[in-house]
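K.L.:
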Amino acid sequence: MVKDVELPELDYQSLGLTVGLEIHQQLATKTKLFCECPAELSDEEHTSFERRLRPTRSEMGEVDVAALFEWKKGRVYEYEAPINHSCLVEADEEPPHPINREAVIIAMAIAKALNSWIVDEIHVMRKVVIDGSNTSGFQRTAIVALGGYISVGGKKYSIETIAVEEDAARKVKEEGLRTVYRLDRLGIPLIEISTGPDIHDPQEAYEVALAIGRLLRLTGRVKRGLGTIRQDLNVSIKGGAITEIKGVQRLDLIPKVIAYEALRQVKLLEIKEELVSRGAKKEEILAQAPVDVTDVFKNSKSKIIRKVLSSGGRVYAVKIPKFGGLLGKELVPGRRFGTELADYARFWAGVGGIFHSDELPKYGISETEVNEVNKILKVDPKLDAFVLVAEKEERALKALEAVVKRAAAALDGVPAETRAALEDGTTKYLRPRPGKARMYPETDIPPLEITEGMHREADKIKPEPLEAKIRRFREEYKLSNELIEQVIRDVRLDLIEKLMERYKEVIPPKVIASIFTVTLRGLKREGVNIDSITDNQLEELVDMIAKGEIAKEAAEDLLKLAAERPSESLRKLAREKGFTSISKEEAERIIELIIKDNLNVVLERKERSMGLIMGKVMSKLRGKIDGKIVAEMVRKKLEEIISKNRKK
Ligand SMILES: [Zn+2]
Numbered sequence: 000m001v002k003d004v005e006l007p008e009l010d011y012q013s014l015g016l017t018v019g020l021e022i023h024q025q026l027a028t029k030t031k032l033f034c035e036c037p038a039e040l041s042d043e044e045h046t047s048f049e050r051r052l053r054p055t056r057s058e059m060g061e062v063d064v065a066a067l068f069e070w071k072k073g074r075v076y077e078y079e080a081p082i083n084h085s086c087l088v089e090a091d092e093e094p095p096h097p098i099n100r101e102a103v104i105i106a107m108a109i110a111k112a113l114n115s116w117i118v119d120e121i122h123v124m125r126k127v128v129i130d131g132s133n134t135s136g137f138q139r140t141a142i143v144a145l146g147g148y149i150s151v152g153g154k155k156y157s158i159e160t161i162a163v164e165e166d167a168a169r170k171v172k173e174e175g176l177r178t179v180y181r182l183d184r185l186g187i188p189l190i191e192i193s194t195g196p197d198i199h200d201p202q203e204a205y206e207v208a209l210a211i212g213r214l215l216r217l218t219g220r221v222k223r224g225l226g227t228i229r230q231d232l233n234v235s236i237k238g239g240a241i242t243e244i245k246g247v248q249r250l251d252l253i254p255k256v257i258a259y260e261a262l263r264q265v266k267l268l269e270i271k272e273e274l275v276s277r278g279a280k281k282e283e284i285l286a287q288a289p290v291d292v293t294d295v296f297k298n299s300k301s302k303i304i305r306k307v308l309s310s311g312g313r314v315y316a317v318k319i320p321k322f323g324g325l326l327g328k329e330l331v332p333g334r335r336f337g338t339e340l341a342d343y344a345r346f347w348a349g350v351g352g353i354f355h356s357d358e359l360p361k362y363g364i365s366e367t368e369v370n371e372v373n374k375i376l377k378v379d380p381k382l383d384a385f386v387l388v389a390e391k392e393e394r395a396l397k398a399l400e401a402v403v404k405r406a407a408a409a410l411d412g413v414p415a416e417t418r419a420a421l422e423d424g425t426t427k428y429l430r431p432r433p434g435k436a437r438m439y440p441e442t443d444i445p446p447l448e449i450t451e452g453m454h455r456e457a458d459k460i461k462p463e464p465l466e467a468k469i470r471r472f473r474e475e476y477k478l479s480n481e482l483i484e485q486v487i488r489d490v491r492l493d494l495i496e497k498l499m500e501r502y503k504e505v506i507p508p509k510v511i512a513s514i515f516t517v518t519l520r521g522l523k524r525e526g527v528n529i530d531s532i533t534d535n536q537l538e539e540l541v542d543m544i545a546k547g548e549i550a551k552e553a554a555e556d557l558l559k560l561a562a563e564r565p566s567e568s569l570r571k572l573a574r575e576k577g578f579t580s581i582s583k584e585e586a587e588r589i590i591e592l593i594i595k596d597n598l599n600v601v602l603e604r605k606e607r608s609m610g611l612i613m614g615k616v617m618s619k620l621r622g623k624i625d626g627k628i629v630a631e632m633v634r635k636k637l638e639e640i641i642s643k644n645r646k647k
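Numbering that gives the first Met the number 0 numbers the first residue of the sequence shown as 0 and each following residue consecutively.
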């Protein structure tokens with residue numbers, strides 16, 4: 000369970016917290032969704048080409064469309080096209096091919112496990128994307144199933160839609176107006192699962208996401224590892240607005256992101272209330288025009304301002320009436336209301352940042368300068384606020400326009416936004432939430448009829464219900480409850496299960512389960528990077544134990560090696576480091592030698608010398624032969640010698 004001391008203490012029930020999840024998971028298909036390129040990332044050689052933004056105005060959502068295009072103007076996208084992992088389809092030079100049947104069948108299997116209703120025919124639609132992450136200007140998506148539910152902790156959570164869609168191109172670099180994407184990821188099939196707004200607590204969201212992620216992996220047909228699963232969160236509180244938070248990659252970050260978003264909305268509502276009580280009016284805020292205050296800063300000590308002025312820029316300021324003290328109000332740790340304004344200025348005008356009166360004098364800006372600006376703008380420092388931008392004129396004006404608009408929206412409380420999740424659990428403004436009408440039929444791709452045959456194939460990979468699995472682990476594999484609890488939460492559950500089933504006649508399943516849980520976790524605590532150990536290496540390890548090539552005691556040391564050299568065969572590593580097993584006869588010879596070397600102690604301490612001898616023996620034999628067998632051999636040998644000695 001993930002608990003975090005920094006999380007705010009909020010009463011989520013009385014706040015009316017509501018959360019819906021959108022889970023995106025890459026499917027492990029051979030080829031991409033709309034072409035025959037391999038569905039995997041690649042660092043191979045590439046060609047490059049450039050594009051500018053293409054979609055037409057009518058295809059966009061309603062929100063701030065004109066402004067959005069204004070912002071996009073002049074932006075250039077460069078695409079790296081890896082030679083074997085992209086083709087004319089990714090380059091948008093050739094129409095997409097018919098939809099990948101394998102991807103649809105995997106999605107159907109998952110839909111069945113989620114009790115969803117599978118459609119009769121797959122229709123591919125276009126969803127507009129505006130960030131250049133798709134060469135065509137839209138993402139292709141197709142609904143596979145509707146409705147359904149998942150049970151978690153005795154409660155049913157509704158599923159709204161299940162779709163397959165193409166993953167976006169991978170962002171490699173962003174500098175100024177230039178963004179570089181790599182096309183290997185573009186077109187990798189994703190399943191998108193959207194839950195209903197049934198979640199009312201941050202921790203609950205974590206549990207539901209965990210359960211869905213596990214179900215996906217149980218098909219054995221989805222990719223694993225960082226970046227292969229991404230969760231988007233739709234979060235709102237009573238009186239707030241739905242904020243769409245994109246790209247939470249780590250499951251354990253979910254509760255924090257939600258808690259912070261709830262807190263952010265609480266604080267925004269407090270600001271609204273305060274503004275209302277101060278008699279703030281939207282029209283009054285929107286009527287504020289930026290004023291050129293460059294003269295005030297002619298001899299400024301601020302390095303930033305001096306640099307801007309020397310390169311022909313200006314300083315503009317705008318009054319934000321009745322906002323005194325509110326720009327400095329903290330929303331979540333490290334982010335103030337002023338940060339929200341700065342986000343807008345950055346997004347809409349591409350400026351580096353803003354200065355606001357609640358943080359001044361600071362950054363080399365003096366009290367005299369602040370007073371001068373107050374005078375020019377007719378700002379009452381006890382009641383009002385102002386925002387400064389030092390930039391080229393056009394950008395500065397655009398930035399302040401965005402600031403004024405965002406400030407006015409504070410009277411609505413929480414604006415409907417799409418935000419990006421950051422590593423520390425906070426979020427930043429990404430863009431306005433797109434309007435509803437953003438899907439269009441993809442006329443280049445014929446509909447795909449779902450046949451009986453496809454249903455039968457999907458039934459074969461449909462994962463069994465968790466309860467059935469737990470029962471099987473307990474009754475057939477004899478796993479303890481504690482081990483079951485760990486195994487079902489493990490990201491490698493599908494692999495563990497496969498290996499337990501394959502080797503159950505040779506190795507007790509609990510031994511395999513412990514390697515994956517107890518041993519790996521122990522290594523992780525020691526700081527070993529267990530995430531880099533590959534499935535192949537783990538499979539090899541179990542296979543070597545099964546064939547008696549190594550003893551299970553060697554697992555720990557071998558896994559350490561594997562973590563350091565993930566691209567190498569474990570068998571090769573084991574040979575290299577002398578981890579090969581030895582015969583019983585050989586072991587016996589070594590035991591005899593050690594007893595002989597310590598004969599005095601043995602004869603003196605008799606049976607009590609067992610521990611000492613065992614320690615010396617194991618330091619020689621660890622990992623080469625099963626510890627239990629060694630113990631048995633040592634005990635026998637000692638008895639023999641002790642009784643022989645008594646007879647004498
Ligand atoms: Zn391709």
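Yeah, the Cβ is synthetic: ideal placement off N, Cα and C, and Gly gets one too. All figures in this text were calculated on a predicted structure; none of them were measured in a lab.
1) Using only CA atoms, which one of Val18, Val527 and Gly521 lies nearest to isoleucine 257?
2) What does the alpha-carbon distance come out to for the pair serine 57 and glutamine 248?
3) Inspect the CB distances between the segment 336 to 347 and the segment 388 to 407 and report whether three or more fall short of 8 Å.
4) Would you tell me roughly how many angstroms separate the C-alpha atoms of leucine 611 and alanine 38, rounded to the nearest one?
5) Taking 7 Å as the line, does the beta carbon of lysine 271 fall inside it for any heavy atom of ligand 1?
6) Any heavy atom of ligand 1 within a distance shorter than 7 Å of the CB on lysine 31?
7) Just verifying my parser: in three-state terms, what is the DSSP assignment at glycine 363?
8) Sort out for me which residues DSSP pairs arginine 634 with in a bridge.
9) Quick one: does the C-beta of valine 88 sit closer than 7 Å to a heavy atom of ligand 1?
10) Does the beta-carbon of glycine 186, which I'm using as the reference point, lie nearer than 7 Å to any heavy atom of ligand 1?
11) Please classify tyrosine 362 as buried or exposed, where buried requires at least 16 neighbouring CB atoms within 10 angstroms.
12) Could you check if asparagine 298 is buried or exposed, using at least 16 other CB atoms within 10 Å of its CB as the buried criterion?
13) Is the distance from the Cβ of tyrosine 180 to the Cβ of glycine 131 below 8 Å?
14) Would you kindly check if the distance between the Cβ of serine 568 and the Cβ of glutamate 539 is under 8 Å?
15) So alanine 384 and leucine 330 are supposed to be a Cβ contact under 8 Å. How far apart are they, rounded?
16) On the three-state DSSP scale, how would you describe alanine 288?
17) From lysine 391 to leucine 225, what distance separates their C-alpha atoms?
18) Does the beta-carbon of serine 85, which I'm using as the reference point, lie nearer than 7 Å to any heavy atom of ligand 1?
19) DSSP on isoleucine 449, reduced to helix/strand/coil?
20) For glycine 238, which residues from the same chain have a beta carbon less than 6 Å from its beta carbon, with the 5 sequence-adjacent residues on both sides left out?
21) How is valine 256 classed by DSSP in three states: helix, strand or coil?
22) Would you mind reading off the limits of the alpha helix (DSSP H) that contains alanine 141?
23) Which residues in the same chain as leucine 519 place their Cβ atom closer than 6 Å to its Cβ, once the five residues preceding and following it in sequence are excluded?
24) Taking only three categories from DSSP, how would you classify lysine 300?
25) Can you tell me which of the three DSSP states threonine 425 falls into?
26) In angstroms with no decimal places, state the Cα-to-Cα distance between arginine 471 and valine 486.
27) Give the single residue among Gly175, Ile142, Leu215 and Lys29 whose Cα lies nearest to the Cα of arginine 488.
28) Go ahead and pull the three-state DSSP assignment for arginine 125.
29) Does valine 118 come out as helix, strand or coil in the three-state DSSP assignment?
30) From the DSSP output, read off the bridge partner residues of histidine 84.
31) Give me whichever residues DSSP pairs with threonine 242 in a beta bridge.
32) Can the beta-carbon of proline 81 be found closer than 8 Å to that of aspartate 183?
33) For glycine 412, verify whether its CB is less than 7 Å away from any heavy atom of ligand 3.
34) Please classify leucine 274: does DSSP put it in a helix, a strand, or coil?
35) Alpha carbon to alpha carbon, what distance is there between threonine 450 and alanine 419?
P.N.:
In this structure, then:
1) Within the sequence shown, numbered from 1, the residue matching residue 257 stands at position 258. Scanning Val18, Val527 and Gly521 for the CA closest to the CA of isoleucine 257 turns up Val18.
2) Here residue 57 refers to the residue found at position 58 when the sequence shown is read from its first residue. Here residue 248 refers to the residue found at position 249 when the sequence shown is read from its first residue. Unreliable placement is indicated for serine 57, whose pLDDT of 48 sits below 50; the coordinate value is still reported in the next sentence. When rounded, the distance between both Cα atoms is 33 Å.
3) Contact holds: three or more Cβ-Cβ distances are below 8 Å.
4) By one-based count along the sequence shown, residue 611 stands at place 612. By one-based count along the sequence shown, residue 38 stands at place 39. Between leucine 611 and alanine 38, the C-alpha separation is close to 56 Å.
5) Counting from 1 along the sequence shown, the entry for residue 271 is found at position 272. Because no heavy atom of ligand 1 lies under 7 Å away, the Cβ of lysine 271 does not count as near it: no.
6) Within the sequence shown, residue 31 is the residue found at index 32, counting from 1. Inclusion of lysine 31 in the 7 Å shell around ligand 1 follows from its C-beta lying nearer than that to a non-hydrogen atom of the ligand.
7) Taking the first residue of the sequence shown as 1, we reach residue 363 at position 364. In the structure shown, glycine 363 adopts coil according to DSSP, grouped into three states.
8) If you number the sequence shown from 1, residue 634 lands on position 635. Arginine 634 is bridged by DSSP to nothing; it lacks a bridge partner.
9) Residue 88 sits at position 89 when you count from the first residue of the sequence shown. Yes.
10) For the purposes of this step, residue 186 is identified with residue 187 of the sequence shown, where counting begins at 1. Yes - ligand 1 has a heavy atom lying nearer than 7 Å to the Cβ of glycine 186.
11) As a working note, residue 362 is residue 363 in the sequence shown. Exposed is the call here.
12) For this step, residue 298 is matched to residue 299 along the sequence shown. With fewer than 16 other CB atoms across the displayed protein chains lying within 10 angstroms of its CB, asparagine 298 is exposed.
13) What you label residue 180 is simply residue 181 of the sequence shown in a count that begins at 1. What you label residue 131 is simply residue 132 of the sequence shown in a count that begins at 1. Cβ distance < 8 Å, so tyrosine 180 and glycine 131 count as in contact.
14) Taking the first residue of the sequence shown as position 1, residue 539 is located at position 540. Taking the first residue of the sequence shown as position 1, residue 568 is located at position 569. It is a contact, given that the beta carbons lie within the stated cut-off.
15) By one-based count along the sequence shown, residue 384 stands at place 385. By one-based count along the sequence shown, residue 330 stands at place 331. A Cβ-Cβ distance of about 16 Å is found for the pair alanine 384 and leucine 330, leaving them out of contact under the 8 Å criterion.
16) By one-based count along the sequence shown, residue 288 stands at place 289. Alanine 288 falls in the coil class under three-state DSSP.
17) Within the sequence shown, residue 391 is the residue found at index 392, counting from 1. Within the sequence shown, residue 225 is the residue found at index 226, counting from 1. Using only the alpha carbons, I get a separation of about 41 Å.
18) Translated into positions along the sequence shown, residue 85 becomes position 86. For serine 85, the Cβ falls inside the 7 Å cut-off from some heavy atom of ligand 1.
19) Counted from its first residue, the sequence shown places residue 449 at position 450. Of the three classes helix, strand and coil, the one that applies to isoleucine 449 here is coil, per DSSP.
20) As a first step, residue 238 is located in the sequence shown; it is residue number 239 there, counting from the start. Same-chain partners within the cutoff: Leu268.
21) The residue given as residue 256 occupies position 257 in the sequence shown. Correct three-state label for valine 256: helix.
22) Residue numbering aside, residue 141 sits at position 142 when the sequence shown is read from its first letter. That residue, alanine 141, is in no alpha helix (DSSP H); its beta strand (DSSP E) goes 137 to 145.
23) Counted from its first residue, the sequence shown places residue 519 at position 520. Ile529.
24) As a position in the sequence shown, residue 300 is number 301, starting the count at 1. Lysine 300 falls in the coil class under three-state DSSP.
25) By 1-based counting over the sequence shown, the position of residue 425 is 426. Threonine 425: coil per DSSP, three-state reduction.
26) Taking the sequence shown and counting its residues from 1, the one referred to as residue 471 is at position 472. Taking the sequence shown and counting its residues from 1, the one referred to as residue 486 is at position 487. Spanning the two alpha carbons is a distance of roughly 13 Å.
27) Looking up residue 488 in the sequence shown gives position 489. When each option's Cα is compared against that of arginine 488, the closest is Leu215.
28) As a first step, residue 125 is located in the sequence shown; it is residue number 126 there, counting from the start. Arginine 125: strand per DSSP, three-state reduction.
29) As a first step, residue 118 is located in the sequence shown; it is residue number 119 there, counting from the start. Shown here, valine 118 sits in coil according to DSSP, grouped into three states, outside any helix or strand.
30) Against the sequence shown, residue 84 aligns to sequence position 85. The partner list for histidine 84 (beta bridge, DSSP) is empty, contrary to what the question assumes.
31) Taking the first residue of the sequence shown as position 1, residue 242 is located at position 243. DSSP, once it has assigned bridges, lists Val234 as partnering threonine 242.
32) Working through the sequence shown from its first residue, we reach residue 81 at position 82. Working through the sequence shown from its first residue, we reach residue 183 at position 184. At the C-beta level, proline 81 and aspartate 183 come within 8 Å of one another.
33) As presented, the structure is devoid of ligand 3, carrying ligand 1 as its sole ligands.
34) Counted from its first residue, the sequence shown places residue 274 at position 275. Of the three classes helix, strand and coil, the one that applies to leucine 274 here is helix, per DSSP.
35) In the sequence shown, the residue the question calls residue 419 occupies position 420. In the sequence shown, the residue the question calls residue 450 occupies position 451. The straight-line gap separating the alpha-carbon atoms of alanine 419 and threonine 450 is approximately 39 Å.
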